[in-house]
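Numbering (this note's numbering), first residue to last: 16 to 499. All C-beta atoms in this analysis are idealised placements derived from N, C-alpha and C, irrespective of residue type, glycine included. Report on one structure; see the data block that follows.
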């Protein structure tokens, strides 16, 4: 008994370190990159297209079995963290936004998604069942601390400059990889076969990266030669084609592995079994559409918020302090309040009530974009305009947390007990897909409509999900019946 608290503390320490390392790259991608590139004058359409590179986090289940098959999760963490650091070092030396930068960012997100897989797999093996509750609290908290730290890097960019900020971010990620090597060892497995597999996997990964770059380059320039097309749109089509082809290649590789060794861990049978079982349920199509559209208004606005702050004359310090760090804290508070409200009134009522608050918060940015004039770098923003922008940000962050709490409760309530983890992962991936695809379109919307009209459009995009609420109610009733 006397040793148990020390052992538990040790495990929680490592869980905290690992999930800090998981949250930090996510914050770099969503908070640091949009501000940097908009300050450099990158077109809004190009910045919106960046969100497509985040698809790696959505489709990571395609290569998760390969990471689990190798099993040496700490080695994965070290390798991908150092590689992510190298990507950021490369970005620190780049002033433009050409195809090599796209490839570096795409590789960064791919590595980060792989790191997520390794961290999740390691944590599952590390913890006992009775330790999961407390560990999940530490996990969620430290992942948010990682995002907050990315906000600090954004703040320091005003002092260090962007090369210095990227060097700092690279050092943090590299240090996390080195520290993770000192985590408790995994259970021993056969090594010879795994080394051969790792060599093949690394060669395949290198081939995929080179192939992806060739496809992206070829599609983009091929389109520009054949038809008159905006370079940003050509880039977007190229990224979509590349992601789809890479996903198809990964799926074929997994199916080939399944045919050769149907009982090896490489085959993610529970995932496909869960998908097959879920598709048999009544009302599943309206439910899938609801998952895709419930936070559509939020997602459509999200990737343009940081560029809007930049164009309104706010510094990276102001954006990091208010939009990122304070916004994340308010989002957590909104999540707690939303969870409390959902428990009191039930999931169905919470969905439409909190979803309405979530939609209405977009009007705060509509008002701000209508009143606050677009500024120039270095020109102070009037106090009343700062107050209006800060209020819009606080409202959007808090109500976003409200809606997310009800939405996640909905996802958890409709999964089957038999395939709960796999079904939840699939539904979460669908939800994340909306964020990336809406982000892709957001750059075009903000560019052609202007910020205020586009933010107003995102308000209306929140309401198609309400048309699906009758089927949501039936699905919740059926789920309650299965669990009784």
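With distances taken between CB atoms, is the gap from residue i to residue j smaller than 7 Å?
i, j, result
"residue 181", "residue 66", "no"
"residue 473", "residue 316", "yes"
"residue 6", "residue 305", "Past the boundaries of the shown model lies residue 6; the chain is included only from 16 to 499, so the question cannot be answered."
"residue 164", "residue 39", "yes"
"residue 168", "residue 183", "yes"
"residue 54", "residue 394", "no"
"residue 100", "residue 179", "no"
"residue 133", "residue 142", "no"
"residue 50", "residue 321", "yes"
"residue 449", "residue 311", "yes"
"residue 308", "residue 480", "yes"
"residue 109", "residue 116", "yes"
"residue 470", "residue 381", "yes"
Can you tell me the Cβ-Cβ gap for residue i and residue j, rounded? I've got them flagged as a contact below 8 Å.
i, j, result
"residue 327", "residue 408", "In fact, because the Cβ distance is near 11 Å, the residues do not count as touching under 8 Å."
"residue 425", "residue 366", "6 Å"
"residue 374", "residue 323", "So it is not a contact: roughly 18 Å between Cβ atoms."
"residue 48", "residue 451", "Contact doesn't hold; Cβ gap of about 14 Å is too wide."
"residue 93", "residue 192", "5 Å"
"residue 162", "residue 343", "6 Å"
"residue 153", "residue 35", "Their Cβ separation, rounded to whole angstroms, is 10 Å, which puts residue 153 and residue 35 out of contact at 8 Å."
"residue 429", "residue 341", "Rounded, the Cβ-Cβ distance is 33 Å, inconsistent with contact."
"residue 292", "residue 431", "6 Å"
For the candidate residues the options, whose alpha-carbon lies nearest to that of residue i?
i, options, result
"residue 379", "406, 399, 330 and 360", "406"
"residue 298", "410, 489 and 367", "489"
"residue 37", "125, 176 and 200", "125"
"residue 14", "386, 370, 143 and 45", "Outside the displayed range of the chain (16 to 499) lies residue 14, so it cannot be described from this structure."
"residue 444", "76, 33 and 56", "76"
"residue 174", "331, 352 and 360", "331"
"residue 369", "419, 295, 114 and 377", "419"
"residue 45", "79, 463 and 72", "72"
"residue 412", "381, 377 and 442", "377"
"residue 439", "358, 303, 198 and 334", "303"
"residue 43", "121, 81 and 87", "121"
"residue 475", "397, 372 and 56", "372"
"residue 172", "186, 335 and 162", "335"
"residue 81", "130, 101, 427 and 119", "130"
"residue 90", "482, 199, 491 and 427", "199"
"residue 478", "157, 155, 359 and 313", "313"
"residue 104", "31, 187, 30 and 422", "187"
"residue 102", "185, 177 and 156", "185"
"residue 346", "155, 483 and 114", "155"
"residue 466", "329, 389 and 197", "389"
Could you spell out where the alpha helix (DSSP H) holding residue i opens and where it closes?
i, result
"residue 427", "398-429"
"residue 299", "299-308"
"residue 384", "377-386"
"residue 54", "48-54"
"residue 196", "Neither: residue 196 is in no alpha helix (DSSP H) and is coded neither H nor E."
"residue 477", "Segment: none, residue 477 is in no alpha helix (DSSP H) and carries neither H nor E."
Would you please verify whether the beta carbon of residue i is less than 7 Å from any beta carbon of chain B?
i, result
"residue 68", "In the structure shown, chain B cannot be found, because there is only a single protein chain."
### Task
Report yes or no: do three or more beta-carbon pairs, one from the region 457-475 and one from the region 55-62, lie closer than 8 Å?
The region 457-475 is in contact with the region 55-62.
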